[in-house]
Structures are given as C-alpha cells and as structure tokens.
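Going line by line, the protein sequences match chains D and A.
Read in this note's numbering, the first sequence has 92 at position 94, and its numbers run on one by one without any break.
So the mapping is simple: this note's numbering equals the position in the second sequence, first residue as 1, plus 33.
For glycine and all other residues, C-beta sits at the position ideal for the given N, C-alpha and C.
Written out below as structure tokens is the structure these notes cover.
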Amino acid sequence: MAYIVDRRLNSKNKSLVNRQRFLKRYHKQIREAVSDAVSRRNMTDMEQGDTITIPKRDISEPHFHHGDGGQREIVHPGNREFIEGDRIQRPPKGGGGGSGSGDASDSGEGMDDFVFQISQSEFLEYLFEDLALPNMVKRQLTTTDSFETRRAGYSEVGNPNQLNIVRSMRSAHARRIALGGRSRRRRLEILAELEQLDESETERRELLEEELSRLNVRLNRIPFLDDFDLKYNLHVRVPTPSPKAVMFCVMDVSGSMTQDIKDTAKRFFFLLYLFLKKNYEKIEVVFIRHHTQAQEVDEETFFYSRETGGTVVSSALNLMGDIIAERYSPNAWNIYCAQASDGDNWQEDNERCHKALTASVLPMVQYYTYIEIGDREPQGLWRLYEHLQSDFSDRFAIQRVRNNAEIYPVFRELFRKTMEVE
Amino acid sequence: MMAHEMNREKNCISTSSEWTFETIERYDREIARIAHEKFRLDTYPNQIEVIRSDQMMDAYASVGMPVFYNHWSYGKHFVNVEQNYSRGRMGLAYEIVINSNPCIAYLMEENTLTMQALVIAHACYGHNSFFKGNYLFRSWTDADGIIDYLVFAKHFITQCEERHGVAEVERLLDSCHALMNYGVDRYKRPRPISAAAEKQRQQEREEYVQRHLNDLWRTLPRLKEKLDQEREIPTFPAEPQENLLYFFEKNAPHLDSWQREIIRIVRKIAQYFYPQRQTQVMNEGWATFWHYTILNEMYDEGLVNEGFMMEFLTSHTNVVMQPGFDSPYYSGINPYALGFAMMQDIRRICEHPTAEDREWFPEIAGSDWIGTLDNVMRNYRDESFILQFMSPKIMRDFHFFALEDDDRRNAIDVVAIHNERGYRELRERLSQQYNLSSNEPDIQVENVNVRGDRSLTLHHNMHNRRPLGNDTYEMLRHAHQLWGYDVHLHSVEPDGRRVRSYHLQGEAT
C-alpha cells in the first residue's frame, strides 16, 4: 500500500538559490544583454521582462568527450534503401555530428545560444544597477515642506474640540472611586448599624448620625468631573517625504528633427520614466512639444504626430514654468525635466531661454537633463547650456548622443551616483 | 452486449478524468494487487507525492532529487527548463521517480486521472521493481540511505560555504562536476553509503588521510633508507586508476579535508547515478512494458472503460514512437521505444515462438514469460541486454543499419543491415553503442612524479583512433585545480604510441 502525500503546498522556489547563483555568475553577460535590449526594443514593450541570450560556449560545462576523427560507428533506425556495402557521401559539414549521435546536422542549429527569461523587475534591476537620482535622497530626508497629521495617543492638554469624552469620563469615574471608596464603605457600615440599633441607645445613635453627616459632606465634595480628568486626542504632524514626482518631457518637433532623432529621444524619455516610476509611488508625466510655439500634448501625439516649422526653445521653457507654477508646487512634487533636441534654436532666442531657465525652471526642479542628439558640431543651445551647467551643476546635466546604442551609457552618465559627491 | 457494457460501467473505478486522492488511492490499490499477485513484481513500498508543475521544474533542475546541494549549474538548468516549458517547447515529464526506499514518485497535479494511473503503474511498480531487482542497482546503490546521505551532503556543503565562502566551494564543485563521469568505480563494488556512518567516519578519515599523505609526500627521507629508495624508482600509482575523483580525494597533496569530503560527495553521487546511465533502455522499457501490461489487465477485469483506454493508448503511443534517422524529429534511438519493443518481444518469444526464435533463443522460447522477464530484468544492463536478447524481428521492425565513418576513407560505409548476414554484426554494434566505457574517452591516472615536480600524468587510451574533443584543456584546468601541480595528458594508441600530448602548467606555488 502506497502513501499518498499532497506536496502542492510545500515550499515553492526551491531552485531560487541556484537560479540566483547562476545569474550572479553570468552577471556581466546578462548586463550586456539588457543594455543591448534597451537600444533595440520598442518603447511600448520596454517595460516587460526580457529574454536573455548568452552564447552557449560561455556557459557550457566542460567534460571529456571525443572530437572529430578516427573511426566512428553508429547504428540508426529507419533504413529504407541502404544495403550492406553501400557507400554514402559525407555530409558537407566535414563529418557532421559529434560522438555517437547523428542529430547534430538537424537540430544543431539554434543550439549555439543559451536563452532564458528574466522578469520585468529583474530587467529593470539590471538596467538601473548602481544608478541613483542625485538629490533625491537628500530632498527626501531633509524636506519639511509637507506634513501629515497622525494620531498619537492622548494628551492632558488640548483644545476643547479635541476633547475625548469617553476617556475623560473614564478617568473621572476612576478618580471618584479612588477618592470616595473608604468613606462610602464606612457610610454603609453606619447605615447597617443604625438599622439594627435599639431605640434606647440614643447616645450611640447620635454619634453615628454625626459621623454620617460628616461623611455625606465629604462625599458630596468629590467633584463629578475635575480638570485633570480631561483627556484630549493628540495629533502630531509628521514630515513626509513627497511620494509624488512629475516629469516633464520637452522635445523639439521642428522640421530639423528627423524621425530617427525623435526615436532616440523617445528611448531616453522612456528610460527616465521607468527610472522615476521605480522610485516614486506616483508619477505624472507632462509632454511638451514645441517648434516656434509650445504645446502640452498627450503621449500619443507627442511621439507620433509630425509637425514642421522653426524652433523657439524658450516657448517650451516658459510653458513649463507656467505649468509648474499652476499645478506642481515644488513643495508637493519632485520635479524632473528631460529635454531632447537636435540643438537647433533661433539665435535671438538663446537669451530668453537663459532667462526662463534661471528664473522659473531650474530653481524649482530636482534635476534637469538635456540631451543633444546628432553628430553635428555643438549648436547654440549647447553652448548656452554649458554656461548654465557651471551655475547649477548639482541639478543640471547635458549630454550628447549620436545613436540609440549610446543612450544607455549616456543615461548612466547623467545619473551617476558620483554626481552626489560633486 | 448491452449488459456487458453496463457491467463494465458498474465495476469501473471512475468515469471522470478529474483525479481525487480517493480515486488515486483506489487505482493504486488495484494496480498493486495486479502487479504483486498476478505478475509477481517485487517492489519497495511506495510514497506517491503530488506536486505542482513549478515544483516539477525544481525537481528537474536538481537532478530529480528531493534534496540537493546548491550550485549555479542547477540554476542554469532550471532557467532553461523554465524557458522551454513556458514557451511550450517542451512538456514536463509526467513523473519523476527516485531510487530510494520507500520509492518516492512525483505526480504532477495537472495530469488527468488516466495519466496518474499510467504514471503509478509505470513508476511505482515498473521502475520501482527495477530499482529493487536489477543487479547494478542492488550492488552499486543504497536505496535505504540515499535521502539521508543527500541531506548530509547538502548540510555539509552549506557549512563549507559558510566557512570558506561560496566562491571557493563553487570552484571546487565546478571541477568535481566536470570530472563526475570519472568518479565511478566501474568494476569494484563500493560500500553502500549511509549518512549516520558517514558522519561518524568523517572525523577518522580526515586524520587517516592526513597521515597517509604525509607518508607519501615525505620530503625528508630517513637517511638510512635513502640509498635503497634511489635505486628503485617509485611508480605511483602502482596500477592505472580509472576513478580520477577517488584518486584526487585520496592523493592530491594540497587539499584540505573539507575539500576531500566534497570530492567524495560528488563521487558518491556519481556512483549512485551510474547504474541509471547504464540501464536506460532496460529501465524505461521495463516500466513501459509494465504500465502497458497492467493497464490492459485492468481493462480486461473491467476496472477501466474505453475512454480511459483510448487516452492511455494515445499517450503510450507517443512515448514509444521511434522516428527514422531521416526524420526531422529524430534524435537518436528512443530508449522507451527500443526497451518496450524488446520486452514485448521477449514475452512473445516465450508465449508464441516462431521457428526463427527457437533457433536464436532456444533457452527462452516457450518458457514462462513472467519468470524469464524477471530474470532478464535482474541480471542485465543495456549493453548485455541487447547483445543477448535482441531478436532479428526487432532489427527488422526498427530497420536498423550500421554505419562506419572512418576519416581515412572518403565515404561512410554501410557495414550491416537488418538481413540474415547482418543480424549478429548489427546487434553487436548496437550493444557497443550502449557501452558507456566505449562512448566516453577512457582516461586513467598513469603516473605521478612523486620524487620530482609532483606532476600528474593521465593517459587517454584511444579507441578506434578517436581523438579528444575541444574541451580538453579546460578539463585539464579542472584536474589541475584538484591536483595542484602540473598535469600531463597523453592520447595513447593501443600499441603504446603517443598520438598527442597535452600539458597544463600550473602557476608556481
């Protein structure tokens, strides 16, 4: 008779340790594969986990085996036309299959790579490894701008509107019992004695009645509710780190921006978005596109509609300043801004950009990143921003990107942990 | 007819395809009765465990065992299985069965009731009786002790990781795993392993080994004996050693005792699995034969209905399918197909022998089939099983043909096919194909330069002039990792001629 055991509720993930050891051992290869994926993938599926491919030779476990050559013998099933003494030409691959198995030529393809799946969170983990947003931690720890009121037990002092009636009455009741207990007990004793006392013993009766009236006076003097009975609800104000962030995506959509450039910008924005999403509970994204005029649009329009025209960057910066003032108070929001452009700007506009940035944008934001896409010489905007960077080095970063493959390294560069040190 | 059908429905254990613990129990009871009483199978007690598919993947990844020490390669195996399974590229086995006492079998909860019955018959009575009866398993493995031993091993290795660091242990295990196939005694019977004794002896062993080593590696010979020793050049080992891991465990100069213990663990586990590698065709054939026979018997007794049989036969047929060599699905000979066909064939020879059978198998033709099969199961392994019992009919049915690919000739020769002239040749060659020692390169410890640079010399005894593959230097690195000094490897022809030499120079120590 067999024992039948239900093991379905037993611990799962028995292989977890082994899996982690495997991932750790091939950390470098996996990181390369992830970084490769970022430059290759579409934005829409960027956030999913990924299939990681590692060349099989990198992770094979060696063993002694026979190589090609010598005399090999093998028996196969399924003979149809061969008879003893037939000679068969070798398959072109110089002998084909390895030791003892004839399947190398058939299923050998695609066995060159070892393929496996990592989850979304693992994908992001690899993506964001040793990356940290500058200032973020600092701001979270030191900010006293936003508070949350929390209950924190009871207090002896407070406003009348915070009075806790149940607690107050309970404490009054306890006090009354404590102060009057002995007198009350004595009063009961006296009453009982009076009941039983003979009419004749008047002297004793008088004595008792006098004590009784004294006790009554004392008992009546105990107040029903005293000052120190009052209990108030206590609330404390706890400073809270802001769990909210807003991210501004600013992109030039003027005629000089080709689809390729936009595509690169898209990846950059997305990467930033993913990163913020990992760090904040709630995150809002504002898309501002501009040519000669700036416009707040939805994501779809931002990335996929086409516009032509000149370039006036300040229009976008002003719009952003307005939106911040209107909807995203820096007290409540962590503000991040990412701008992408090919560097073109109307010459006269640079002055206004400078003003807009220094006056209404840079003081408000946690971090402002600018990437210039393309392999041309630095344009006017770049030179302007270079100036600004020296003034706002703690929160302003600019980088040049030539193609998709460079985004990830640039992204890392922008948000390096070392920024914190500077 | 109607009455008969009605009767069948009434006796049936179940008509639904959903399993419950009660129905599994009833099936097990009936299967056990048929297996033990009717077919005289002798088994260990069974422990049937129902698990989820992800637990099945876990079991897969740790070579099927319920407890196993941690190593990255099992993680690699796991992610691979997970990937292929989730992409629908492979199905999981319906069952895993462990050679232990009691015999542990895993059933997947996804299986239908029919599949559970099939698996119970296959694993809990087929494989189980094979584990208990076959001479290789009887003499090389200890079903009573294996689980305890694995617990001991896991515990010990975890302790080493805590004490010496995961990386250090991992490096050692990498090397041991690489040489795992060279960690078995092919001819000597090892002592059975038991966790309790193992723990007890561990301490004594440490001391003993250290003493023994000191003797071998004495660098300050006593003066009086010096002259004698110089006259006779010491050869060590006295005879070539096939068990490389054993040799390293006992003789490597610089290993700590915990390292020797880990080598020993890997070696013991390799030894435990060695019989399975030698009896794949027989073991699977035996189990498949019995699930087929037992479930048909159940049908004859009216315990299961037609629907059950249809489902059972469908999956049975899939399991025993053998694609031809030119099919895109071909990946070598299917051990289930060959094993099942041969077991069925032996029964046929016993029950309905033809003139050909009487000529080829005079001693079993017409004998009691249950007794004959039992004898076959007990006393053979794949190589000898095929050599003894493959009938011309099987060779004809499978259309076997033998090829010879000699690099000195410009084409591949067909040396034998399934005809009168070819049967014996074909059978011999197929049997050789299941001879592990001719498939794996034959590598043995030849010599240690005891009085010199302590370098180790391995010999690869060539067979059919076949050279070593391209992992060889990598392998020497692992050998060096264990040995600690230079490692030489010579590929040697049977006439003693060195064809190729490999040398791995260790860093100066």
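Amino acids of chain A, ordered along the chain, whose beta-carbon sits closer than 9 Å to that of residue i
| i | result |
| --- | --- |
| Ala338 (chain D) | Simply none; closest approach about 36 Å. |
| Gly83 (chain D) | Asp446, Val447, Val448 |
| Glu71 (chain D) | Ala435, Leu436, Glu437, Asp438, Val448, Arg462, Gln465, Gln466, Asn497 |
| Gln87 (chain D) | Asn443, Ala444, Ile445 |
Minimum Cβ-Cβ distance from residue i to chain E less than 8 Å
| i | result |
| --- | --- |
| Ala31 (chain D) | In summary, chain E is missing from the structure at hand, where the protein chains are D and A. |
Residues that residue i contacts on chain A, provided the C-beta gap is smaller than 7 Å
| i | result |
| --- | --- |
| Pro75 (chain D) | Gln355, Gly357, Phe358, Ile366, Phe431, His432, Phe433 |
| Arg23 (chain D) | Trp105 |
Within chain D, the residues that residue i reaches when beta carbons sit closer than 8 Å
| i | result |
| --- | --- |
| Ile302 (chain A) | Under the 8 Å cutoff, chain D gives no residues; its nearest Cβ is about 15 Å from Ile302 (chain A). |
| Val83 (chain A) | Ile2, Val3, Asp4, Arg5, Arg6 |
| Asn503 (chain A) | Gly65 |
| Pro474 (chain A) | Phe62, His63, His64 |
| Gln88 (chain A) | Arg5, Arg6, Asn8, Lys10, Lys12 |
| Ile459 (chain A) | It is worth fixing the name first, because residue 459 (chain A) is Leu in this sequence and not Ile. The contacting residues are Val73. |
| Met508 (chain A) | Pro60, His61, Phe62 |
| Glu142 (chain A) | Arg6 |
| Asp544 (chain A) | Residue 544 (chain A) cannot be examined here, being either before or after the span of chain A that is shown, 34 to 542. |
| Arg17 (chain A) | What is shown of chain A runs 34 to 542, which leaves residue 17 (chain A) out entirely. |
| Pro500 (chain A) | His64, Gly65, Asp66, Gly67, Gly68 |
Partner residues on chain D for residue i, Cβ-Cβ distance less than 7 Å
| i | result |
| --- | --- |
| Tyr94 (chain A) | In the sequence as presented, Tyr is not what sits at residue 94 (chain A); that position holds Ala. Near Ala94 (chain A) (Cβ distances below 7 Å), the residues of chain D are Ser13, Asn16. |
| Cys157 (chain A) | Ala0 |
| Val481 (chain A) | Those do not exist, as Val481 (chain A) stays about 19 Å from chain D at its closest Cβ, beyond 7 Å. |
| Ser534 (chain A) | Within chain D, no residue comes near Ser534 (chain A); the closest Cβ sits about 15 Å away, beyond 7 Å. |
| Pro273 (chain A) | The premise fails here: Pro273 (chain A) is roughly 16 Å from chain D at the closest Cβ pair, so nothing lies under 7 Å. |
Bridge partner(s) assigned by DSSP for residue i
| i | result |
| --- | --- |
| Tyr1 (chain D) | A:Gln80 |
| Leu437 (chain A) | The question names Leu, yet the displayed sequence has Glu at residue 437 (chain A). Answer by DSSP bridge pairing, in chain order: D:Glu71, A:Asp446. |
| Gln118 (chain D) | For Gln118 (chain D), which the question treats as bridged, DSSP gives no partner whatsoever. |
| Tyr535 (chain A) | A:Leu522 |
| His233 (chain D) | D:Arg149 |
| Phe285 (chain D) | D:Cys247, D:Val295 |
| Cys157 (chain A) | Bridge partners of Cys157 (chain A): none, in fact. |
| Tyr139 (chain A) | A:Glu82, A:Ile129 |
| Ala395 (chain D) | D:Thr367 |
| Val113 (chain D) | D:Thr51 |
| Leu501 (chain A) | D:His64 |
Proximal chain A residues relative to residue i, where beta-carbon distance stays under 8 Å
| i | result |
| --- | --- |
| Phe112 (chain D) | Lys109, Asn113 |
| Phe80 (chain D) | Phe434, Val447, Ile450 |
| Ile28 (chain D) | By Cβ distance, chain A contributes nothing, its closest Cβ being about 11 Å from Ile28 (chain D), past 8 Å. |
| Gln115 (chain D) | Val112, Glu115, Gln116, Ser119 |
Residue i beta carbon near the ligand GTP (any heavy atom closer than 7 Å)
| i | result |
| --- | --- |
| Val284 (chain D) | Of ligands this structure carries none, so the ligand GTP is not represented either. |
Partner residues on chain D for residue i, Cβ-Cβ distance less than 9 Å
| i | result |
| --- | --- |
| Gln22 (chain A) | Since the first and last residues shown for chain A are 34 and 542, residue 22 (chain A) lies out of range. |
Across the segment 310 to 327 of chain A and the segment 371 to 382 of chain A, are there enough close Cβ pairs to call them in contact, namely three or more that are closer than 8 Å? yes
Interfacial residues, the segment 1 to 20 of chain D to chain A, with Cβ spacing under 8 Å: Tyr1, Ile2, Val3, Asp4, Arg5, Arg6, Asn8, Lys10, Asn11, Lys12, Ser13, Val15, Asn16, Arg17, Gln18, Arg19, Phe20
Please identify, using Cβ separations under 7 Å, the residues of the segment 45 to 67 of chain D that lie next to chain A, in order along the chain. Ile57, Glu59, Pro60, His61, Phe62, His63, His64, Gly65, Gly67
For the pair the segment 14 to 23 of chain D and the segment 98 to 108 of chain A, tell me if three or more CB-CB distances fall below 8 Å. yes
Quick one, which residues of the segment 295 to 310 of chain D are near chain A if we go by CB-CB under 7 Å, in chain order? none
Contained alpha helix (DSSP H) runs [length at least 4] in the segment 325 to 383 of chain D, N- to C-terminal order: 347 to 354
Against chain D, which members of the segment 41 to 72 of chain A pass a CB distance test of less than 8 Å? Phe54, Ile57, Glu58, Asp61, Arg62, Ala65
Stretch-stretch touch, CB-based, cutoff 8 Å, three pairs: the segment 435 to 443 of chain A with the segment 380 to 400 of chain A: no
Taking Cβ-Cβ distances below 7 Å as the criterion, which residues of the segment 231 to 258 of chain D are in contact with chain A? none
Cβ contact check for the segment 110 to 118 of chain D and the segment 52 to 62 of chain D: 3 or more pairs under 8 Å: yes
Continuous alpha helix (DSSP H) assignments of at least 4 residues falling wholly in the segment 188 to 226 of chain A: 199 to 211
Give, in chain order, every residue of the segment 326 to 344 of chain A whose Cβ lies closer than 7 Å to some Cβ of chain D. none
Counting Cβ pairs, one atom from each stretch, are 3 or more of them under 8 Å apart for the segment 43 to 59 of chain A and the segment 334 to 349 of chain A? yes
If you measure beta-carbon to beta-carbon, which residues of the segment 181 to 214 of chain A are closer than 9 Å to chain D? Val199, Glu203, Asp207, His210, Ala211, Leu212, Met213, Asn214
Is there contact between the segment 221 to 238 of chain D and the segment 162 to 178 of chain D, where contact requires at least three CB pairs shorter than 8 Å? yes
Examine the Cβ distances between the segment 489 to 503 of chain A and the segment 189 to 201 of chain A and report whether three or more of them are shorter than 8 Å. no
At what residue ranges does the segment 361 to 392 of chain A contain a whole run of the beta strand (DSSP E), taking only runs of 3 or more? none
Pairing CB atoms from the segment 71 to 79 of chain D with CB atoms from the segment 456 to 469 of chain A, are three or more of them under 8 Å? yes
Do the segment 292 to 300 of chain D and the segment 365 to 385 of chain D meet, that is, are 3 or more Cβ pairs less than 8 Å apart? no
Taking 8 Å as the threshold, find out whether the segment 131 to 142 of chain A comes into contact with the segment 73 to 88 of chain A through three or more Cβ pairs. yes
Contact the segment 339 to 346 of chain A vs the segment 294 to 303 of chain A: 3+ CB pairs below 8 Å: no
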